[in-house]
Structures are given as structure tokens and as C-alpha cells.
Amino acid sequence: MRSRLTRRLGALAIFTTLLATPALQAAEPAALNGAEQARFLSELKRFYKTTDERKALLAHSNELLNRYAVRAAYQVGQSNRHDLVYQLNVSGPGELMVHEQTRAAQGMALVVRNQRLSVFGLDPYIRYDCPLTGQVCVLMNPADGGPWLSIRRDHDGAAELAKALSFLLRNLQKG
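Residues -26 to -1, 1 to 149, numbered by mature numbering (1 follows the signal peptide of the UniProt record, and there is no 0), are exactly what the sequence shown covers, in order.
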């Protein structure tokens, strides 16, 4: 079982490397031509072993949110260290549910927050900011432009997550 898990994690690392290159080349998912979009989506469906684009995009977005989650261990020198973890779900037609958990580094304090995002009428392109002085990248809420999701500071990871979320929002907008 351990070797099978190691193989899957190795395959995930290779797959992520392959996906990172297009994410760096295209600042916006809309800039991808039809063939590149189709290739990106078919690779995701093949990797996540599904024929459903939405399931593949949701699984990929959740995997990226888990990989780049803000963890207390990364917050060196901060007095209020905490874990910040997100999970995405489709809660209804055209609606994305964001489940956020914040856990203090010391103790058992857990704060859970759920936020619904209606995707109809929104620009699906997700913008993000990775300030040079901060320890996190912030993905902006497409509804109001305010802070939405925070991940550990990794520009490539933020670009990859923004791309996956943009494709997911477009998919949800189709109904």
C-alpha cells in the first residue's frame, strides 16, 4: 500500500510539473486556445480517473488548496500561528461552497466557516496577489474583488490554483 501511495504521489508531482508550465505561460485562462484548454482538461480527467470535467477540476482545486494550505509550521516568527485549510464543494447549480477551517497552533481551538459563491454573472478569471513581504498569497473573490482564499506564499502555486479555479467557475457557469 505504501508503494502504491508513493507511486501516486510521484505521478502527482510529475503531473503538477507538466501543468505548471502552461500556467506560467498564460496569465489568464482565457488566453489559452481551444486545443490547450482541451488538453489541460483531458489531462485532469485522466489523472483523476473521471470522465466528468467538473469532478476533475474540483478534485484538482482541492488538491492544490491542500498542498498550498497555510500551516502553522510555515509561519516562522509570528505570534499568532494557525493552520488555514479550505475544501471546495458544489452546493447547487451554479453555486460553489467554500469550507474554511482555522486551527490555532497551540490548543484545540477550531473555527469553521462556510461561504457560498454564486458563479452566475461573475468574471470567472481569478486574480491573486503574492506580496513580497507577506507569508501568504491571496486569491481574490470574483464577486467583490476582496480577499477570498489564502495559501502559503508560492507564486507558481497561486497561478496554478487560480487557473484551476477559473476553469471550475466557467464549468459551473454552464449549469
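Ideal Cβ positions, reconstructed from N, Cα and C, are used throughout, including at glycine.
For the 9 Å CB-CB criterion, Val44 and Val86 do not form a contact.
Looking at the DSSP output, Thr25 bridges to nothing.
Taking the CA atoms as reference points, Leu15 sits about 39 Å from Ala83. In the structure shown, Asn115 falls within a coil segment according to DSSP collapsed to helix, strand and coil.
Each of Tyr99, Val93, Pro67 and Glu69 was checked against the Cα of Met114, and the nearest Cα belongs to Tyr99. The beta carbon of His73 sits closer than 6 Å to the beta carbons of Gln61 and Asn88 from its chain, once the five residues preceding and following it are set aside; these are given in chain order. Nearest to Leu146 by alpha-carbon distance, out of Leu38, Leu58 and Pro67, is Pro67. Take the alpha-carbon of Glu69 and the one of Asp97: they are about 14 Å apart. Counting only residues of its own chain and dropping the five nearest sequence neighbours on each side, Ser140 has a CB closer than 7 Å to the CB of Pro3, Pro98, Tyr99 and Ile100.
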